[in-house]
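Peer 1:
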Amino acid sequence: MRNPMAVRASSPEGEDIPREIYGFRPYLLAISASWASAMYGYDSAFIGGTLSLPSFQRTYGLDTASDSAKANLSSNIVSTFQGGAFFGCALSFLVAERFGRRPTLILAAIIFSIGAALQMIGRLDCLYVGRALTGWGVGSSAMILPIYVSECSPALIRGRLVGTFEVMLQAALVCGFWVNYGVNKNISPEGNMQWHIPVAVQFVPAGLLVIFMIPMIESPRWLVSKGKLQDARKNLSWVRNLPQDHAYIDREMSMIEVAIEHESCSSLEFVVG
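For the sequence shown, the working numbering gives the first residue as -4, with consecutive numbering after it.
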């Protein structure tokens, strides 16, 4: 039976491609960055069930509130999250272009964690601010993650690696639903632990994103765009598992430089007209 993970050893143009570039390193990079999509998936799934937990409703006075008050709280929580995600997505590209893809992902995880911490305080104003910050983190990371992975991936497996975004997203969605089910069935609603646990689980994907991304490389393509050619060559050599002076590294570096120069010229023509 053919190995489903196997790839061709040559490009469509007939150029020989070293098999070393399809080793574990591109997959490690994609999985490391895809903890950002786990933040997105879990946060999207857990909040609806948490709002209906008896302990959460008691803490925020919803157990005695009218149906309209409950509906308003739910809509406000969704609105603040979506608002944060909008601005996080809109501004993160500017941050990533200025400071790099990797630090932008780490910053998104930190902002997300601050938002999660605020949600555990038990005050309505902190809940709204916390949801806005977690939305910012989700919007920012969801914007940058596919760019980062695609810029670091070999062409023939790029789709497969970018697809880890969706795999991790769906896995985290399932986790979010089951966490709420577990605490509702097994933890007493008398204290705050019942709703604190699903809120606190938000720290897991955010923390893992920071842990995995700290030692990870910056995008070689971004480094080339900033004129940091030696750093770009070093990072490209690492993710391709080849020596820096390998002919394939020389060829791909040249292709990246030509592509960036072409994009710069196209942008200038668009602005000038």
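We put the beta carbon where it would ideally sit given N, CA and C, even for glycine.
Just so you know, these numbers come straight off a predicted model, no measurement behind them.
Give the DSSP-derived three-state secondary structure of ASP11 in the structure shown.
Peer 2: strand
Peer 1: Measuring straight from C-alpha to C-alpha, what distance separates ILE251 and LEU156?
Peer 2: 19 Å
Peer 1: Considering Cα atoms alone, identify which of ALA28, GLN225, GLY83, ARG14 is closest to LEU128.
Peer 2: Out of ALA28, GLN225, GLY83, ARG14, GLY83 has the C-alpha closest to the C-alpha of LEU128.
Peer 1: Where does ILE42 sit, in a helix, a strand or coil, going by DSSP?
Peer 2: ILE42: helix per DSSP, three-state reduction.
Peer 1: Quick one: what's got a C-beta closer than 7 Å to LEU42's C-beta in the same chain, skipping five residues either side?
Peer 2: The question names Leu, but residue 42 in the sequence shown is Ile. Excluding residues within five positions, the ones whose Cβ falls inside 7 Å are ILE72.
Peer 1: Quick check on the DSSP output: what are the complete alpha helix (DSSP H) runs of length 4 or more inside the segment 120 to 161, in order along the chain?
Peer 2: 153 to 157
Peer 1: How about PRO184 and SER47: are their beta carbons less than 9 Å apart?
Peer 2: no
Peer 1: Thinking C-alpha only, which one of ASN67, LYS229, MET34, ARG20 is nearest PRO200?
Peer 2: MET34
Peer 1: Looking at C-beta atoms only, is the number of pairs between the segment 50 to 61 and the segment 101 to 113 that lie closer than 8 Å three or more?
Peer 2: no
Peer 1: Quick check on the burial criterion: 16 or more other C-beta atoms within 10 angstroms. Buried or exposed for SER232?
Peer 2: With a 10 Å radius around the Cβ and a threshold of 16 neighbouring Cβ atoms, SER232 comes out buried.
Peer 1: Let me confirm a value: GLN189 is counted as buried when at least 16 other C-beta atoms fall within 10 Å, else exposed. Which label applies?
Peer 2: Its Cβ being crowded by 16 or more others within 10 Å, GLN189 is buried.
Peer 1: Between which residues of its own chain and HIS257 is the CB-CB distance below 8 Å, once the five residues before and five after are set aside?
Peer 2: None.
Peer 1: Which runs of the alpha helix (DSSP H) spanning at least 4 residues fall entirely within the segment 17 to 98, listed in chain order?
Peer 2: 19 to 28, 30 to 46, 49 to 54, 62 to 94
Peer 1: Go ahead and label GLU92 buried or exposed: buried means 16 or more other beta carbons lie within 10 angstroms of its beta carbon, across all protein chains shown.
Peer 2: By the 10 Å Cβ count, GLU92 comes out exposed.
Peer 1: Counting C-beta neighbours from all protein chains within 10 Å, is the total for ASN67 16 or more, i.e. buried, or is it exposed?
Peer 2: exposed
Peer 1: Is the closest heavy atom of the ligand PLP to the C-beta of ALA227 under 8 Å?
Peer 2: The ligand PLP is absent from the structure shown, which contains no ligand whatsoever.
Peer 1: Measuring straight from C-alpha to C-alpha, what distance separates HIS191 and SER39?
Peer 2: HIS191 and SER39 have their C-alpha atoms roughly 16 Å apart.
Peer 1: Grab me the residues of VAL90's own chain with a C-beta within less than 6 Å of its C-beta, minus the 5 sequence neighbours each way, in chain order.
Peer 2: THR99
Peer 1: What's the gap between the Cα of ALA227 and the Cα of GLN165?
Peer 2: 33 Å
Peer 1: Between the C-alpha atoms of ILE116 and LEU122, what's the straight-line distance to the nearest angstrom?
Peer 2: 8 Å
Peer 1: Counting only the same chain and skipping the five closest in sequence on each side, list residues whose C-beta sits under 6 Å from that of ARG126.
Peer 2: ILE72, THR75, PHE76
Peer 1: Going by CA-CA distance only, name the one from GLY158, ARG246, VAL253, VAL205 that's closest to PRO13.
Peer 2: Answer by Cα proximity: ARG246.
Peer 1: With GLN189 as the anchor, note down where its alpha helix (DSSP H) starts and where it stops.
Peer 2: 188 to 195
Peer 1: Using 10 angstroms around the beta-carbon of TYR143, count the other beta-carbons present and answer buried if the total reaches 16, otherwise exposed.
Peer 2: buried
Peer 1: List the whole-angstrom C-beta distance separating LEU140 from ALA28, where the pair is believed to meet the contact cut-off of C-beta under 8 Å.
Peer 2: Right, their Cβ atoms sit about 5 Å apart.
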